[in-house]
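Colleague:
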Amino acid sequence: MRTQSTRDRTRSAATAPRGGAGDTGVEVRRRRPRLTRDQALLVCLGVPGGLALLVFHYVPLLGNVIAFQDYQPYLGLTESDWVGWQNFSFLWDGNPEFRNALWNTVVLTVIQTVLVFPVPLALALVLNSLAGERLKRTLQSVLYLPHFLSWVIVVALFQQMLGNAGMLNTFLIQHDLPMFQVIGSPELFKALVTSQVIWKDAGWGTILFLAAISRIDQEQYEAAAVDGAGARQRLWYVTLPALKGLIVLLLILRLGSSLSVGFEQILLQQGPVGLQASEVLDTWVYNNGILGGNWGTSAAAGLVKGIVGVLLVIGANKLAHAFGERGVYEK
């Protein structure tokens with residue numbers, strides 16, 4: 001009888017729900033070795049990532065001290081003279097080259113936030129509305145591909161299509177039509193840059209929206225259909241409210257890097273356009289610091305840009321909290 005009773009207790013302990021009131025000492029002892037094994041695995045996976053984050057992202061922050069120095073590479077950080085806030089004087093002295101770069105950056109930021117940010121959402125909604133699963137997967141793959149191309153290839157492709165000797169102008173010349181100057185035109189440079197960003201990254205940006213749409217409870221669509229809601233009303237009253245939190249989150253994250261409008265992409269196309277139309281903060285830092293040898297002022301500009309990005313994220317997050325959204329982090 002004693003053996004049978006012990007066997008029953010062991011069986012009931014093994015079949016009791018985990019984490020519930022039925023947990024026993026036998027179940028807890030069984031889970032401890034598994035938890036210890038998983039913790040060791042997580043530590044092994046996390047330590048290299050943490051070290052990489054520390055070495056490549058946090059240690060370089062110490063280099064911002066040259067924003068307060070007359071930095072000379074042959075003297076190093078320790079022997080270069082300290083100049084206080086002198087390197088930040090371009091902010092209030094109104095350096096014309098810096099003001100031009102700042103203006104171009106702000107204009108591109110506004111254009112790309114208004115035109116580029118909604119495109120992945122619109123593409124995701126269109127893909128989600130397609131009935132054929134094979135057609136949907138094919139279009140997704142085609143839209144993802146440009147993201148894996150480097151900016152060198154993207155710029156070369158646009159030159160092949162829209163350049164003076166490209167496909168478009170060759171076609172226009174063959175049919176006795178006037179040429180369409182896009183590549184090298186300062187007036188169209190911002191539109192060209194924006195269209196390149198949309199072509200390259202809009203498909204990749206649909207991944208998060210499609211994942212969020214796939215997690216929406218289908219019963220909500222069925223209930224809306226029973227109530228007589230059409231496709232447009234289901235989109236407006238079911239899909240978009242479900243994506244509202246993700247849209248706010250991505251918008252806040254975008255504001256954090258809003259003053260970075262594409263270093264490689266713009267640097268590759270500055271030659272024929274000129275600095276007046278194409279200089280932005282990132283290229284100004286490169287041209288002024290690396291090429292011009294003004295390390296201190298370039299570091300000061302980069303530091304100010306980073307601080308503005310942090311303030312934009314904090315401000316947008318507080319605004320999201322005011323409207324009842326979680327934002328990047330909770331209160």
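Okay, so the sequence shown: first residue is 1 according to UniProt numbering, each after it adds one. Beta carbons are placed, not taken as given, at the ideal position from N, Cα and C, and that holds for glycine.
#1: Give the secondary structure of Q72 by DSSP, where H, G and I count as helix, E and B as strand, and everything else as coil.
#2: Checking 9 angstroms against the spacing of the C-beta atoms, do I183 and L208 come in under that value?
#3: Would you give the residue range spanned by the alpha helix (DSSP H) that E222 belongs to?
#4: Quick check on Q112: buried or exposed, where buried means 16 or more other Cβ atoms within 10 Å of its Cβ?
#5: Residues in the same chain with beta-carbon distance under 6 angstroms from I173, minus the five sequence neighbours each way, listed in chain order, please.
#6: If I follow the unbroken alpha helix (DSSP H) through P120, where does it start and stop?
#7: How far does the alpha helix (DSSP H) with S141 in it extend, from its first residue to its last?
#8: So, are the CB atoms of S298 and G306 less than 9 angstroms apart?
#9: Starting from L115, trace the alpha helix (DSSP H) in both directions and tell me its first and last residue.
#10: Quick one: measure Cβ to Cβ for G327 and I252, integer angstroms, because I've assumed they're closer than 8 angstroms.
#11: Determine the extent of the alpha helix (DSSP H) in which T297 is found, giving its start and end residues.
#12: What are the boundary residues of the alpha helix (DSSP H) that residue 351 is part of?
#13: Just how far apart, CA to CA, sit G245 and Q72?
#14: W82 by DSSP, collapsed to three states: which one?
#15: Using 9 angstroms as the threshold, is the C-beta distance between L192 and Q270 below it?
#16: Quick one: what's got a C-beta closer than 8 angstroms to L139's C-beta in the same chain, skipping five residues either side?
#17: Quick one: what does DSSP say Y329 is sitting in, helix, strand or coil?
#18: Near R234, which residues of its chain fall below 6 angstroms by C-beta distance, leaving aside the five closest residues on each side in sequence?
#19: In whole angstroms, give me the CA-to-CA distance for V152 and L145.
#20: In whole angstroms, what is the alpha-carbon distance linking S185 and Q276?
Modeller: Well, looking at it:
#1: Three-state result, Q72: coil.
#2: No, they are not a contact pair.
#3: Boundaries of the alpha helix (DSSP H) harbouring E222: Q218 to V226, taken from the DSSP string.
#4: Under this definition Q112 is a buried residue.
#5: Cβ within range, chain order: n/a, list empty.
#6: Per DSSP, the unbroken alpha helix (DSSP H) holding P120 starts and ends at P118 to S129.
#7: For S141, the enclosing alpha helix (DSSP H) covers residues E133 to Y144.
#8: With respect to G306, S298 sits apart: the two C-beta atoms are not nearer than 9 angstroms.
#9: For L115, the uninterrupted alpha helix (DSSP H) segment begins and ends at P96 to L115.
#10: About 6 angstroms; that satisfies the 8 angstroms criterion.
#11: Start and end: W295 to A322.
#12: Limits of the chain in this structure are 1 at one end and 331 at the other, which puts residue 351 out of reach.
#13: Distance between G245 and Q72, taken at the CA atoms: about 47 angstroms.
#14: Strand.
#15: Taking 9 angstroms as the Cβ cut-off, L192 and Q270 do not qualify as a contacting pair.
#16: The residues are L127 and L130.
#17: In the structure shown, Y329 falls within a coil segment according to DSSP collapsed to helix, strand and coil.
#18: The residues Y221 and A224, in chain order, have a CB closer than 6 angstroms to that of R234 in the same chain once the five nearest residues on each side in sequence are set aside.
#19: Each residue's Cα considered, the two are about 15 angstroms apart.
#20: The alpha-carbon atoms of S185 and Q276 are separated by roughly 12 angstroms.
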